Structure formats: structure tokens, C-alpha cells
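Asker: Submitted below is the structure of interest, expressed as C-alpha cells.
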Amino acid sequence: MDALALEAAGGKKVANGAAVAAPLPPPAPVKRKPAKKAKKAVVFFEVEILDAKTKDKLCFLDKVEPNATIGEIKSMFHKSHPQWYPARQSIRLDPKGKSLKDEDVLQHLPVGTTATFYFRDLGAQISWVTVFLTEYTGPLVIYLMFYFRVPFIYAPKYDFTTSKHWVVHLACMCHSFHYVKRLLETLFVHRFSHGTMPLRNIFKNCTYYWGFAAWMAYYINHPLYTPPIYGEQQIRLALIIFLFCQIGNFSIHIALRNLRPPGSKTRKIPYPTKNPFTWIFLLVSCPNYTYELGSWLGFTVMTQCLPVAFFTLVGFIQMTVWAKGKHRSYLKEFRDYPPLRSPILPFIL
Amino acid sequence: AKLSRTQHSKIPFNKDISCFNGNIMWLVIAVGLVRAYLARGSYHGLYYSIEKPLNVCPLCHIPGIVPSSVVLTGFQVMSRVFLTWAVTHSVREVRWTVCYYFVTAWTVTEIIRYSFYTFSLLNHLPYLIKWARYTFFIVLYPMGVTGELLTIYAALPYVQKTGLYSVTLPNKYNFSFDYYTFLILIMISYIPLFPQLYFHMIRQRKKVLGHVEDYSKVE
């Protein structure tokens, strides 16, 4: 009895005979006592969930298995409060603390047999896949509308005409290829850590992507578009950079996908593979962003268009913020993280 | 206001000086305006007497010293800088006439506001100043906003005629900018932004002046 209570209070090792703290979470049922009431020698937890702001008691669960995960507790909470589906629940030990993960096991948390959790509503959620598909389909369609000079964009005499500059056709192919690649990666390559994000993000993200796509496409496909100063040489060089970085970006996405078994959320340090495009991992933590920057720089040089340069700049700033965050969490999580790596630009940023 | 009192006690002395200086600048403008008006007997040409301090003043706004929201103050500073440099200074024609509405509104508002901050920092805030700060805005904000909108509206025909700050196609950077449309968009943006600022101040007023018994004399 005592041994089991100790075990329930935080996974401390127990010296007593039968109930040893084995690596496996569920404690082996003790068969010593005669099973008069067919009771399993397992201590059930009681879970109470309070609102993090008002401290109101929202839910009380008794007879919770010690090996229950936070994910299972969220499902149980959802039953009593159907408006809060598990994806929008944030369960934490401390009202102002960090959210607990779905995989966390109840008996491994620093709680007594009556666990008190605090709940915070994350607001309406939407899946990452949905957001990505929507925000990437927009630019694809919008750019093509400008390329084909659909009515009401340019002067009526230009409706449905085509540009006389071949770089405009090339730019359309590159831009469309880029977003088709992104859509396919969303569907078949990426393995997302989080299932959902707040609903308002879709409006923010779509405004950004769709807005910039329209702004860039307007000028590139404009009847008064001026092709690059250095002509063929400039366009050819830009195309090489663009394609190189597209392949690089794709290689990194594949490498990151292979770090993680399907359906899991494990995190490992990425390392260079046989693919030369991944050797950049030696110098950079987030080479997918490095290659993305390279692609857009290529597109900027190819089109020689200031709005494209702005888009590249804004994207670069955002990706640098993400890369620094990712780099910091790598350093925190892995003690043997390679010291030579920079977040996004080798040796610079 | 309780929170701001404890914050004020931690603020170093040189910030008091900057607040004081801000006050002085606006007093200079006010005095300059009054004197020039009395001297000339009309408001024509008054602009030139205050142009220099007026253009510098908005740039002297000191974020972070006093406990106001950075976003709201940021908007105010940006709109002030925009009005003085991008509109009034750039478009000669508005300098003589409509711009005085917002200049007057700003001047009075800022003198009261800086006095409020200065006295708060020194922990000797007369109730009159606090009352003035949270009451005068009721008239001064709409007056200032109307003045700003009138000024921008007055500048529009000249901007369109001269193509001020505008870039047209074709050019080698494949970029264009129409300052005229931009000004119209700015005017439209007042519709969502001004009510937010205004009602924020009204809410602040209820909070601050509502508890007369607790805060009547700061001593």
C-alpha cells in the first residue's frame, strides 16, 4: 500500500519487493493480497480542473488511471464541456505556467493523488494543414489572374493579352512552381508538431500572402513592365539561383521529415545526409529558411521588381525570427548541439 | 493611476527634464502664435513664425518615459510627424489657412499633457491639471482630427496636380506610388482609428476622475 502511494507521488524509485518502479509507466499489479473484492492494486487519481483566470472549479474527474495522458484528460474534460474541444484546451500545473503536452503522463507529473490543473481556452482553432493549403492556393490563383490579364486590373485594351517579354512568362512559371511545390509539401512531406493554430491566424496569414502576391503580380505582368537591365545574363543567373534554392529547400524538407517517424512528434538534431544540398546543416540550423531566402532573391533579380524585393525583405525578417527561436530551442534541448551552426545565415545571423 | 505612481518613483531625474523641455517647446509655439497674431492682426503668414518649433516638436515625443500605451502613443507621434512634414511642410498652399485648427488643438493638448507628466513625475500633481488633461480632450481631439483631415483634404488637389512624392510606370524598378491615393487611404484610416483613441481616453477619464475621493490631492 505504502509502496504504491510513493510510486504514485512522482515516480520515485521504490525498494520494496513487488512494487518496483519499472521503466514502464503502469505499475505491475501486486498479486500478494488475496483478491477479495477483485480490486486492482492501483491507486486512482482524482483530477480537478480549475479556470486559470477565475479559479472556478470547471470539472472534477475521479477514478483516473495513473498512466492516463494529458490528451486523455482533455478528452474527458471535453465530454463535460463540449464547446471546448481538446485542441483548444491549454492544461497547465500553474495558472501562469507553460502548457502541458498531450503526451505527458499523469503519474509522472509533480502532483499528488488529487491533481489540480488550470485550464485556459486557446480560442477557436484551425488545423495547420488547412491554413497552409489556403494561404498557398491564393498566391497561385491570384498571380495567374494578373498573368492572364483578367479584366478590371489593367486598362481594357490589355484584357487577356500576353506580355511580349519572355522573362514575364518565365517568372509566372517560377512563381507557380514555387507555390505548387509548397502545396504538395504540405500534403505529403511536412510532419507538423502541432495539429492546430488559432483561427485568427488564417486571416492574418492569407492577407500577407495574398496581398503581397497581388502587389508583385500587378507589376510583373503590367503592360508597362521593364525587363531586367542586364537582360539574358541577369535572368539566366537569377534562374539558376532560384532553381538551386528550390531543390535545396525541398531537400531540407525531406531530411527533416525523415528525422521523424510517421505520426510522432519526436525532435532530433538534423545532420547532413548523402544529399549535397543538406551539407549546409554543418553551418546553419534552419537551412530551409536560408534556401527560401535564396529563392526569393533569385526571383527578385529575375524580375527586377521593387515590390518583390520588399516581399523578400519582409519574409527574411520573419524567417530570421523563427530561425533564431528554433536555434535557441535546439540549444536548450540538446547539450551536444554543434557549436558551429548559426540560425539562418552562416556565421552572420 | 495607482500603478503609475509607483512607476514614477523609479524614474530617474533626467526624464523630468525632458518632459519639462517638451512643455517648454509647446509653450514657445503657443506664445509665438499669440504674439504673431497680435502683431499682424490676421492669421495669414502665422505659419512661418511657428514652422521651426512645430516641425521639431513631434520628433521630441519621448516614448517609454511615461506610462502610456506604446501603440497609441506611436500612432499619435506618427500622425503628428506625418501631418507636419509630409503634408503641411510639403504642400505650401495649406500653410496659411486650415492647418491652424490642428496646430491650436495640438498646442493646447500638449501643454496640458506635458504639465500632467511633469507634475506626476515630481509627485505633486494638482487636481486641476489632471482634470484638464482628462477633460479638454473631449473637445480638443475632435477639433484636432477635423483640422488634420481638413488639412489633408486641402492638400489633395495640389498633390494631384504636381504629382508630389509619386512614382509612375514605366521605370526600371517596376514600382509605382500614388501619393494622392495614399492620402485618401490615410483619411479613411481615421475612421477606425480615431474612435478607438477617443473612447480609450473616455474610459481612462471614467477610471481616473471617477475615484475623486481617493485621488483628489496627490501629496
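Protein chains in written order, with the numbering used here: chain A, 1 to 349; chain B, 1001 to 1219.
Here a beta-carbon is modelled for each residue, glycine too, at the ideal position from N, C-alpha and C.
This one's a predicted model, so the numbers in the text were calculated from it and none came from an experiment.
Looking at the strands, I want to know which residues DSSP matches up with A/T353.
Answerer: Because chain A here runs from 1 to 349, residue 353 of chain A falls outside it and cannot be looked at.
Asker: Quick check on the DSSP output: the beta strand (DSSP E) that includes A/F60 runs from which residue to which?
Answerer: Here the beta strand (DSSP E) through A/F60 covers 57–64.
Asker: Using Cβ-Cβ distances below 9 Å, what residues of the region 228–242 of chain A are close to chain B?
Answerer: Taking 9 Å as the Cβ-Cβ cut-off against chain B, the residues of the region 228–242 of chain A that qualify are P228, I229.
Asker: Flag this pair as touching only if the region 44–57 of chain A and the region 89–99 of chain A have three or more C-beta atom pairs under 8 Å; answer yes or no.
Answerer: With the cut-off at 8 Å, the region 44–57 of chain A and the region 89–99 of chain A touch.
Asker: Starting from the C-beta of A/G10, find all residues in its chain whose C-beta is less than 7 Å away, skip the five residues before and the five after it, and write them out in chain order.
Answerer: In this predicted model, A/G10 has a pLDDT of only 41, less than 50, meaning its place in the structure is not dependable enough to derive any value.
Asker: Whose CA, out of A/K101, A/Y289, A/F132, A/V64, lies closest to the CA of A/Q246?
Answerer: Of the candidates A/K101, A/Y289, A/F132, A/V64, the one whose C-alpha sits nearest the C-alpha of A/Q246 is A/Y289.
Asker: Under 7 Å Cβ to Cβ from B/F1102, same chain only, skipping five residues before and after it: list those, please.
Answerer: Closer than 7 Å at Cβ, skipping near neighbours: L1083, G1144, G1147, E1148, T1151.
Asker: Which chain B residues sit within Cβ distance under 8 Å of A/Q304?
Answerer: Within chain B, the residues near A/Q304 are K1172, Y1173, N1174.
Asker: Could you work out which residues of chain B lie near A/L224, taking near to mean beta carbons separated by less than 7 Å?
Answerer: Result: L1169, P1170.
Asker: What is the DSSP secondary structure of A/I91, counted as helix, strand or coil?
Answerer: If DSSP states are grouped into helix, strand and coil, A/I91 belongs with the strands.
Asker: Taking C-beta to C-beta, are A/F212 and A/T113 nearer than 8 Å?
Answerer: Not closer than 8 Å, so no.
Asker: Note down, in chain order, each residue of its chain lying with its Cβ closer than 6 Å to the Cβ of B/M1201, except the 5 sequence neighbours on either side.
Answerer: Excluding sequence neighbours, B/M1201 sits near F1137.
Asker: Check distances from the C-beta atoms of the region 301–335 of chain A to those of chain B and list, in chain order, the residues that come in under 8 Å.
Answerer: Going along the region 301–335 of chain A in chain order, one finds T303, Q304, C305, L306, P307 with a Cβ nearer than 8 Å to chain B.
Asker: Buried or exposed for A/E232, going by 16 or more other Cβ atoms inside 10 Å?
Answerer: Answer is exposed; the Cβ neighbour count stays below 16.
Asker: Can you check which of these residues, A/R335, A/F192, A/S251, is closest to A/I269 by C-alpha distance?
Answerer: When each option's Cα is compared against that of A/I269, the closest is A/R335.
Asker: Quick one: does A/I220 have its CB under 8 Å from some CB of chain E?
Answerer: Protein chains in the displayed structure are A and B, and chain E is not among them.
Asker: Comparing C-alpha positions only, which one of A/E48, A/H194, A/N275, A/P346 sits nearest to A/I126?
Answerer: Taking only the C-alpha atoms, the option nearest A/I126 is A/H194.
Asker: Using 8 Å for Cβ pairs, my map puts A/I252 next to A/Y291. What's the rounded Cβ distance?
Answerer: Right, their Cβ atoms sit about 6 Å apart.
Asker: Going by C-alpha distance, which of A/T303, A/R182, A/Y330, A/T226 is nearest A/V129?
Answerer: Taking only the C-alpha atoms, the option nearest A/V129 is A/R182.
Asker: Unbroken alpha helix (DSSP H) runs of length 4 or more, entirely within the region 190–247 of chain A: which are they?
Answerer: The region 190–247 of chain A contains these whole alpha helix (DSSP H) runs: 200–220.
Asker: Can you list, in chain order, the residues of its chain whose CB lies under 7 Å from that of A/N221, leaving out five sequence neighbours each side?
Answerer: Only F146, Y147, R149, S163, V168 meet the Cβ criterion.
Asker: Where does A/Y218 land, buried or exposed, given buried means 16+ other C-beta within 10 angstroms?
Answerer: Burial call: buried.
Asker: Using 10 angstroms around the beta-carbon of A/Y209, count the other beta-carbons present and answer buried if the total reaches 16, otherwise exposed.
Answerer: It counts as buried.
Asker: For A/Q83, which three-state DSSP category applies?
Answerer: It is coil, neither helix nor strand.
Asker: Does the region 1121–1137 of chain B touch the region 1188–1206 of chain B, meaning 3 or more C-beta pairs lie closer than 8 Å?
Answerer: Judged by Cβ distances under 8 Å, the region 1188–1206 of chain B makes contact with the region 1121–1137 of chain B, as three or more pairs qualify.
Asker: Between A/D62, A/P139, A/E48, which has its C-alpha nearest A/D354's C-alpha?
Answerer: Beyond the ends of chain A as shown, which are 1 and 349, falls residue 354 of chain A; an answer cannot be given.
Asker: Between the C-alpha atoms of A/P227 and A/P86, what's the straight-line distance to the nearest angstrom?
Answerer: Those two C-alpha atoms are separated by around 53 Å.
Asker: A/I269 by DSSP, collapsed to three states: which one?
Answerer: DSSP places A/I269 in coil when its eight states are reduced to three.
Asker: In three-state DSSP terms, what is A/T303?
Answerer: Looking at A/T303 - three-state DSSP - the assignment turns out to be helix.
Asker: Can you name the start and end residues of the alpha helix (DSSP H) that B/S1189 belongs to?
Answerer: From DSSP, the alpha helix (DSSP H) with B/S1189 extends over 1179–1210.
Asker: Is A/Q304 buried or exposed, if buried means 16 or more other CB atoms sit within 10 Å of its CB?
Answerer: Per the 10 Å Cβ criterion, buried.
Asker: Nearest chain B C-beta to A/A21 closer than 8 Å, yes or no?
Answerer: With a pLDDT of only 44 at A/A21, under 50, the local geometry of the prediction cannot be trusted, and the value read off the model is given with reservation. False, the Cβ-Cβ gap to chain B never drops below 8 Å.
Asker: In whole angstroms, what is the alpha-carbon distance linking A/T266 and A/Q89?
Answerer: In a straight line, the C-alpha of A/T266 is about 22 Å away from that of A/Q89.
Asker: Ordered along the chain, which non-local residues of its own chain (more than five positions away) have a Cβ less than 7 Å from that of A/I344?
Answerer: If we look at A/I344 and ignore the five residues flanking it on each side, its Cβ neighbours are V284, C286, Y289, T290, M319, T320, A323.
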